[in-house]
Amino acid sequence: MISAPRGDRASARLLLLGVSVRALAASAVRSPHASRRFPDGFLALDYFGDADLLSLASGHPIRVLCLSRDLDRPRSVETLARSALDLEWQALVYSGGLENRPDLLRRLENRGAVLGNGPDVVEAVRDPTVFFPFLRRAGIPHPLTFAGGRDRAPVNGPPCLWKPIRSGGGIRVRLAQPRRPRPRGFYLQQYLRGTPGSASFVSASGRAVLLGVTEQLAGFRDLGASGFRYGGNIAGPPHRILSRQALAVLAKAASAITRRFGLRGLMGLDFILSGGVPHIIEINPRYTASMELFEDASDKGLLDVHLEALERGRLPSGPFPVRRFLAKGILYATRAVRWASSLTLAGLDVRDRPAEGEPIEIGHPICTLVVGGASPEECRRRLAEGAGLVRRTLRVATRNAPRARRRRTFAASAGARRSVLR
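What follows is the structure, given as structure tokens:
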């Protein structure tokens, strides 16, 4: 049993729940309306309880619980939801992970208010057999998508991808081999060559307003990513990332999807920019990983925007004011390392910092780097430079660290430190 059980009264406390809630918690402390709305503060529960999330809690009314360290429970979305049911909270906002389990959202909704898209909405909009046929009927650009049980990769047709129905961050996405049957839990989607991107919106009463757009980093080798794996985002003024015509396509898509599925609050649309046209490949009906870049650029909290849309039907007049380029990059381990909080990183903005001495295996994320620049190219260069600095410093720290008695293992993702979700 968790040491913070439910009390006798309904606390005016907001639960921030997801695989990683560090960015969402930072949004909460930037959001004065949220602070007034929940006078008993915030409860943050995720897989990691990263060091900077704990630092955030030291100066604000946030209590942090790490699923593995504090509760001694294996890392899985199901365990995350089950643990949340034992805690004292009045309402919750979820981040990455829960959108893949509407059944768990339904259990949480029976316990308290889910401030965002509920289980019925999530179940429909995340179902490729429902979502992509709607896009086709609505005339919204998207790759050819097949989710039927008998679908096979075409022999002479365009190249295709197998994509997991329940996943995120490009994990387990792979090229489909011709004539091979559909793997269980996957669907087939045309592989479009182009630039990946994401658009952030907020919705209420059948309307959707664009908050910002980013170029998405996938398979960024300088950060240790490969294949289709999510590597971060580059935000900037919308008109410098996409043409007016492309922005109009995204606005039409967001409005149509909002009306059809009844979306509310924050959401993200992932797309491939091919031939100058954004083709929708995925929707995330929640606070997404790229959104903190818009908050950094404006110093405004998107949690307030989310709550205003949900509770009052109020939407902002337009995108957040982003006047320069700002990027975040996920740094992946290319060799086994051990985190040292005493690292000297020359003023580099490092987020999602692991706990002192935490071992990180090859291929697993180490931390998040945030940089600014005059262009997307400069942002990529600075991310690559920052990655090199962190790797060199960690290599020395790991070599000098005492050998651990045992290596921590966790149930989720074959012992991975974290799953990165867009």
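Heads up: the sequence shown is residues 33 to 454, going by the working numbering.
All C-beta atoms, glycine included, are put in the ideal place defined by N, C-alpha and C.
What is the residue span of the beta strand (DSSP E) that residue i lies within?
{"i": "V205", "result": "Unbroken run through V205: none, as it is neither H nor E."}
{"i": "D84", "result": "Not the beta strand (DSSP E): D84 falls in the alpha helix (DSSP H), residues 83-90."}
{"i": "Q221", "result": "218-222"}
{"i": "E314", "result": "309-316"}
{"i": "Q248", "result": "239-250"}
{"i": "P397", "result": "397-405"}
{"i": "A267", "result": "262-267"}
How big is the Cα-Cα spacing for residue i and residue j?
{"i": "G73", "j": "S90", "result": "13 Å"}
{"i": "T441", "j": "L421", "result": "Unreliable positioning characterises T441 in this predicted model, as indicated by a pLDDT of 34, which lies under 50. The coordinate reading is nonetheless provided below. Distance between the alpha carbons of T441 and L421 is about 28 Å."}
{"i": "L137", "j": "R143", "result": "10 Å"}
{"i": "R427", "j": "A372", "result": "10 Å"}
{"i": "V358", "j": "R211", "result": "With the sequence shown as reference, residue 358 is identified as Leu, and Val is not the correct amino acid for it. The alpha-carbon atoms of L358 and R211 are separated by roughly 43 Å."}
{"i": "K284", "j": "T290", "result": "10 Å"}
{"i": "V61", "j": "E327", "result": "11 Å"}
{"i": "G238", "j": "A280", "result": "17 Å"}
{"i": "Q221", "j": "R107", "result": "30 Å"}
{"i": "S52", "j": "R139", "result": "20 Å"}
{"i": "R69", "j": "A44", "result": "8 Å"}
{"i": "G447", "j": "A170", "result": "Below a pLDDT of 50, predicted positions are generally treated as unreliable, and G447, at 37, falls in that range; no measurement from the model is reported."}
{"i": "R216", "j": "R133", "result": "17 Å"}
{"i": "P165", "j": "P213", "result": "21 Å"}
{"i": "I266", "j": "R356", "result": "10 Å"}
{"i": "A416", "j": "L380", "result": "12 Å"}
{"i": "G405", "j": "P228", "result": "20 Å"}
{"i": "D102", "j": "V109", "result": "16 Å"}
{"i": "K195", "j": "E155", "result": "17 Å"}
{"i": "R370", "j": "D152", "result": "42 Å"}
{"i": "R6", "j": "L282", "result": "Nothing about residue 6 can be read from this structure; the chain reaches only from 33 to 454."}
{"i": "V354", "j": "R367", "result": "36 Å"}
{"i": "G202", "j": "I304", "result": "13 Å"}
{"i": "I197", "j": "S258", "result": "20 Å"}
Please name the residue, chosen from the options, that lies closest to residue i on a Cα-to-Cα basis.
{"i": "L49", "options": "E247, A76, F164", "result": "A76"}
{"i": "A240", "options": "E388, R169, L298", "result": "L298"}
{"i": "A387", "options": "T246, D82, G307, P196", "result": "D82"}
{"i": "Q277", "options": "G256, R370, A286, V309", "result": "V309"}
{"i": "P397", "options": "R158, T376, R423", "result": "R423"}
{"i": "G345", "options": "R356, A329, G294, I315", "result": "G294"}
{"i": "R296", "options": "P353, L339, L47", "result": "L339"}
{"i": "L56", "options": "L325, F166, F233, S127", "result": "S127"}
{"i": "P391", "options": "Y79, E324, E343, T430", "result": "T430"}
{"i": "E247", "options": "V234, S258, P270", "result": "P270"}
{"i": "S63", "options": "R107, I394, I273, L46", "result": "L46"}
{"i": "S232", "options": "D302, S100, R168", "result": "D302"}
{"i": "I273", "options": "S87, E409, P215", "result": "E409"}
{"i": "R95", "options": "R114, W121, V109", "result": "W121"}
{"i": "P348", "options": "G244, L282, D159, L88", "result": "G244"}
{"i": "R253", "options": "R412, R383, H65", "result": "R412"}
{"i": "A116", "options": "V154, L88, V146, S258", "result": "V146"}
{"i": "I172", "options": "F178, L88, F163", "result": "F163"}
{"i": "E131", "options": "D118, L119, A123, G148", "result": "G148"}
Buried or exposed: where does residue i fall if 16 or more other Cβ atoms within 10 Å of its Cβ makes it buried?
{"i": "R450", "result": "Only weak support is given to the placement of R450: the predicted model assigns it a pLDDT of 49, under 50, and the value that follows is read from those uncertain coordinates. By the 10 Å Cβ count, R450 comes out buried."}
{"i": "S59", "result": "buried"}
{"i": "L207", "result": "exposed"}
{"i": "D104", "result": "exposed"}
{"i": "R439", "result": "Any answer about R439 is weak, because its pLDDT of 35 lies below 50 and its placement is not dependable; what the coordinates show is given next. Exposed, by the Cβ-count rule."}
{"i": "A311", "result": "This sequence places His at residue 311; Ala is not what is there. H311 should be labelled buried."}
{"i": "I315", "result": "buried"}
{"i": "G307", "result": "exposed"}
{"i": "S407", "result": "exposed"}
{"i": "E324", "result": "buried"}
{"i": "I394", "result": "exposed"}
Would you kindly report the start and end of the unbroken alpha helix (DSSP H) that includes residue i?
{"i": "P270", "result": "270-273"}
{"i": "V53", "result": "Run containing V53: none; DSSP gives neither H nor E here."}
{"i": "A285", "result": "276-293"}
{"i": "A116", "result": "109-116"}
{"i": "L137", "result": "134-143"}
{"i": "S235", "result": "Counting along the chain, S235 falls outside any alpha helix (DSSP H), though it belongs to the beta strand (DSSP E) covering 227-236."}
Quick one, are the C-beta atoms of residue i and residue j less than 8 Å apart?
{"i": "G251", "j": "F260", "result": "yes"}
{"i": "L242", "j": "P351", "result": "yes"}
{"i": "T190", "j": "I313", "result": "At residue 190 the sequence reads Pro, which differs from the Thr that was named. Contact flag unset, no."}
{"i": "F141", "j": "G150", "result": "Position check: residue 141 holds Glu in this sequence, whereas Phe was assumed. Taking 8 Å as the Cβ cut-off, E141 and G150 qualify as a contacting pair."}
{"i": "Y223", "j": "C192", "result": "yes"}
{"i": "A365", "j": "G256", "result": "yes"}
{"i": "L375", "j": "T425", "result": "yes"}
{"i": "T320", "j": "S230", "result": "yes"}
{"i": "G300", "j": "G361", "result": "no"}
{"i": "L401", "j": "A419", "result": "yes"}
{"i": "L99", "j": "L85", "result": "no"}
{"i": "D384", "j": "R54", "result": "yes"}
{"i": "V125", "j": "L334", "result": "no"}
With a threshold of 8 Å between beta carbons, is residue i in contact with chain B?
{"i": "L375", "result": "In the structure shown, chain B cannot be found, because there is only a single protein chain."}
Please determine whether the Cβ atom of residue i lies at a distance below 7 Å from any heavy atom of the ligand MN.
{"i": "G420", "result": "For the structure depicted, the ligand MN is absent and the ligand set is empty, with no information on it obtainable."}
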